[in-house]
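Residue numbers (the working numbering), protein chains in the order written: chain A, 1 to 264; chain B, 265 to 434. Cβ coordinates follow ideal geometry from the N, Cα and C atoms, glycine included. Note that the structure is predicted; figures quoted are calculated from it, not measured. Structure, as structure tokens:
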């Protein structure tokens, strides 16, 4: 592996490359991946088309270890931690936010298909115009005084989560010239063990920006990428109120036996 | 819907991105115990990139045993009451790439702080351990935190010659 040289190419805000150059890099990595014929289910840490990854990815393979003691136990969150109202991102201010109201729901399971019960799910997102409330976001789209874009909930006894929110818009960023992120919602998840911690992004079906986006494409396997795309579900959609999307999340396998869990 | 017992392929991770600051960090996130408590220690360090430049937009999460070596399984990390030790905390790095936790000394056989690291530019989370001085296994001397006047210091180097040893769980 070569050591990257710091310079303009690694300045996340330099926006030096064109979309065509980025797309060429994405295509050539995809071609090598298919030729190698080894399935990869996680994003690559080393993915140069995503410029700010260049100096922020480890160059050595991780050390394989058996989880020990504390790593076998996720933090516990309870009713005190999360107000049930926090799962509705449309009621955090005095008025209705602008945009398409939608419900996002799904189930969190572990690698063996067991539900992750009563565990914390956190989301954050841009508003309908593609603007984050975060100060660093200087994209000149309107802030919505009625939308913050952050929510939390606990999964139910069968691992289900449910949020009411607004469909986020796509937004420009400075990875390269005319770079746009596909619309997405950030998700933060815990399992039953520390080892299962996951932060990821949920996307919407058929987004025309998928092929152009080096963050989405940092997962080089198409089937793996598809796992981040929600499904429109008319049974979740409600009459004269909101559209509905379904997205299930699978965490890595757990190491503790069910017996140990029952001992709680 | 999938039946229990059948192995499922995990959902891939994605970068935490640049805009988590208004959503994930929260008041008291890094204070597992109040810093004024007599037995409170500080666990802190910096997150650095491959050029040695501090990473101001990283998030570090910590999980640890209690001083007696037990695994804390109490709720309340998001709404701390000042007395319950949950053994979990979350701290974003500041402008200088520095993160800090106010906590208790972990106990047990080979005590360590289990860490999960996220950052803009980091496509997926990283795991590592910061062992107390003298507790690291022989093959990972670099995974030892250093003692300082109020606790322990441990820098996380995402890349480079002194790159942190990151872990992958079997």
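Should residue 53 (chain A) go down as buried or exposed, given a rule of 16 or more other Cβ atoms within 10 Å for buried?
Within the first chain, residue 53 (chain A) is the residue found at index 53, counting from 1. Counting Cβ neighbours within 10 Å, residue 53 (chain A) comes out buried, since at least 16 surround it.
To which residues does DSSP link residue 172 (chain A) through a beta bridge?
Looking up residue 172 (chain A) in the first chain gives position 172. Note: residue 172 (chain A) sits in a beta bridge opposite A:180.
Show which residues of chain A have a CB atom less than 9 Å away from the CB atom of residue 432 (chain B).
Looking up residue 432 (chain B) in the second chain gives position 168. Correct list: 61, 62, 63, 64 and 65.
What number of angstroms, rounded off, separates the C-alpha of residue 373 (chain B) from the C-alpha of residue 382 (chain B)?
Here residue 373 (chain B) refers to the residue found at position 109 of the second chain. Here residue 382 (chain B) refers to the residue found at position 118 of the second chain. Approximately 28 Å, taken between the alpha carbons.
Between A:47, A:133 and A:82, which lies nearest to residue 218 (chain A) when the distance is taken from Cα to Cα?
Indexing the first chain from 1 puts residue 218 (chain A) at position 218. Ranking the options by Cα distance to residue 218 (chain A), first place goes to A:47.
So with CB distances below 7 Å, who are the chain B contacts of residue 194 (chain A)?
As a first step, residue 194 (chain A) must be located in the first chain, where it is residue number 194. By Cβ distance, chain B contributes 327 and 378.
Any contact between the region 405 to 421 of chain B and the region 378 to 397 of chain B? By contact I mean 3 or more CB pairs, one from each, below 8 Å.
yes
With respect to the beta strand (DSSP E) encompassing residue 366 (chain B), which residues constitute its N-terminal and C-terminal limits?
Position 102 of the second chain, counted from the first residue, corresponds to residue 366 (chain B). Counting along the chain, the beta strand (DSSP E) containing residue 366 (chain B) begins and ends at 362 to 367.
Quick check on DSSP: helix, strand or coil for residue 232 (chain A)?
Locating residue 232 (chain A) in the first chain gives position 232, where the first residue counts as 1. In the structure shown, residue 232 (chain A) sits in a strand (DSSP, three-state: E or B).
Could you tell me how far apart the beta carbons of residue 294 (chain B) and residue 355 (chain B) are, in whole angstroms, since I believe they sit closer than 8 Å?
Counting from one through the second chain, the residue named residue 294 (chain B) turns up at place 30. Counting from one through the second chain, the residue named residue 355 (chain B) turns up at place 91. Indeed, because the Cβ distance is near 4 Å, the residues count as touching under 8 Å.
Exposed or buried, residue 284 (chain B), counting other C-beta atoms within 10 Å across all chains shown (16 or more means buried)?
Translated into the one-based positions of the second chain, residue 284 (chain B) becomes position 20. Label assigned to residue 284 (chain B): buried.
Pairing CB atoms from the region 163 to 182 of chain A with CB atoms from the region 208 to 222 of chain A, are three or more of them under 8 Å?
yes
Going by alpha carbons, who is nearest to residue 165 (chain A) out of A:184, A:155 and A:176?
For the purposes of this step, residue 165 (chain A) is taken as the residue at position 165 of the first chain. Taking only the C-alpha atoms, the option nearest residue 165 (chain A) is A:184.
Pick out the complete beta strand (DSSP E) segments inside the region 277 to 351 of chain B, 3 residues or longer, and give them in chain order.
305 to 312 and 322 to 327
Determine the chain A residues that contact residue 408 (chain B) at a beta-carbon separation under 7 Å, and present them in chain order.
Position 144 of the second chain holds residue 408 (chain B). Here the premise fails: no neighbours, minimum Cβ distance about 15 Å.
Provide the residue span of the alpha helix (DSSP H) that contains residue 22 (chain A), from first to last.
Working through the first chain from its first residue, we reach residue 22 (chain A) at position 22. Here the alpha helix (DSSP H) through residue 22 (chain A) covers 19 to 36.
Comparing the C-beta of residue 429 (chain B) with each C-beta of chain A, is any distance below 8 Å?
On the second chain, position 165 is the one that residue 429 (chain B) refers to. Closer than 8 Å to some Cβ of chain A, the Cβ of residue 429 (chain B) qualifies, so yes.
May I ask you to list the residues that DSSP assigns as paired with residue 412 (chain B)?
Position 148 of the second chain, counting from 1, holds the residue named residue 412 (chain B). DSSP, once it has assigned bridges, lists B:415 as partnering residue 412 (chain B).
According to the neighbour-count rule (16 or more other Cβ atoms, all chains shown, within 10 Å of its Cβ), is residue 85 (chain A) buried or exposed?
Counting from one through the first chain, the residue named residue 85 (chain A) turns up at place 85. Classification of residue 85 (chain A): exposed, given that the 10 Å Cβ count is below 16.
Identify whether residue 246 (chain A) lies in helix, strand or coil by the three-state DSSP scheme.
Taking the first residue of the first chain as 1, we reach residue 246 (chain A) at position 246. Here residue 246 (chain A) sits in strand by DSSP.
Rounded to a whole number of angstroms, what is the C-alpha to C-alpha distance between residue 87 (chain A) and residue 153 (chain A)?
The residue given as residue 87 (chain A) occupies position 87 in the first chain. The residue given as residue 153 (chain A) occupies position 153 in the first chain. So the two alpha carbons sit approximately 5 Å from each other.
Is there at least one Cβ from chain B nearer than 8 Å to residue 180 (chain A)'s Cβ?
Residue numbering aside, residue 180 (chain A) sits at position 180 when the first chain is read from its first letter. Answer no: the Cβ-Cβ gap between residue 180 (chain A) and chain B never drops below 8 Å.
In the region 237 to 251 of chain A, which residues sit with their C-beta less than 7 Å from some C-beta in chain B, listed in chain order?
249, 250 and 251
With the cut-off set at 8 Å, would you say residue 89 (chain A) and residue 163 (chain A) are in Cβ contact?
Here residue 89 (chain A) is taken as the residue at index 89 of the first chain, counted from 1. Here residue 163 (chain A) is taken as the residue at index 163 of the first chain, counted from 1. Closer than 8 Å, so yes.
Let me know if residue 271 (chain B) comes out buried or exposed under the rule of 16 or more other beta-carbons within 10 Å of its beta-carbon.
The count along the second chain starts at 1 and reaches residue 271 (chain B) at position 7. Exposed, since its Cβ has fewer than 16 Cβ neighbours within 10 Å.
What residue does the alpha helix (DSSP H) around residue 224 (chain A) start on, and which one ends it?
Along the first chain, read from residue 1 onward, the residue named residue 224 (chain A) stands at position 224. Where residue 224 (chain A) is concerned, the enclosing alpha helix (DSSP H) stretches over 222 to 226.
What first and last residue would you give for the beta strand (DSSP E) that runs through residue 201 (chain A)?
For the purposes of this step, residue 201 (chain A) is taken as residue 201 along the first chain, with counting starting at 1. That run of the beta strand (DSSP E) goes 198 to 203.
Please list the partners that residue 166 (chain A) has in chain B, where partner means a Cβ-to-Cβ separation under 9 Å.
Numbered from 1 along the first chain, position 166 holds the residue referred to as residue 166 (chain A). Those do not exist, as residue 166 (chain A) stays about 15 Å from chain B at its closest Cβ, beyond 9 Å.
Along chain B, in chain order, which residues have C-beta atoms closer than 8 Å to that of residue 87 (chain A)?
In the first chain, residue 87 (chain A) corresponds to position 87, counting from 1. Those do not exist, as residue 87 (chain A) stays about 14 Å from chain B at its closest Cβ, beyond 8 Å.
Determine the contact status of residue 39 (chain A) and residue 251 (chain A), defining contact as a CB-CB distance below 8 Å.
Taking the first residue of the first chain as position 1, residue 39 (chain A) is located at position 39. Taking the first residue of the first chain as position 1, residue 251 (chain A) is located at position 251. No, Cβ-Cβ distance for residue 39 (chain A) and residue 251 (chain A) is not below 8 Å.
Helix, strand or coil for residue 51 (chain A), going by three-state DSSP, please let me know.
Taking the first chain and counting its residues from 1, the one referred to as residue 51 (chain A) is at position 51. Correct three-state label for residue 51 (chain A): helix.
What does DSSP give as the partner residue(s) for residue 379 (chain B) in the beta ladder?
Within the second chain, the letter at position 115 stands for residue 379 (chain B). Looking at the DSSP assignment, residue 379 (chain B) forms a beta bridge with B:326 and B:392.
Closer than 8 Å by beta-carbon distance: list the chain B residues that pair up with residue 133 (chain A), in chain order.
For the purposes of this step, residue 133 (chain A) is taken as the residue at position 133 of the first chain. Neighbours of residue 133 (chain A) on chain B, chain order: 286.
Could you say which of A:193, A:150, A:171 and A:41 lies nearest to residue 187 (chain A) if we only look at CA atoms?
Mapped onto the first chain, residue 187 (chain A) falls at position 187. For the residues A:193, A:150, A:171 and A:41, the minimum Cα distance to residue 187 (chain A) belongs to A:150.
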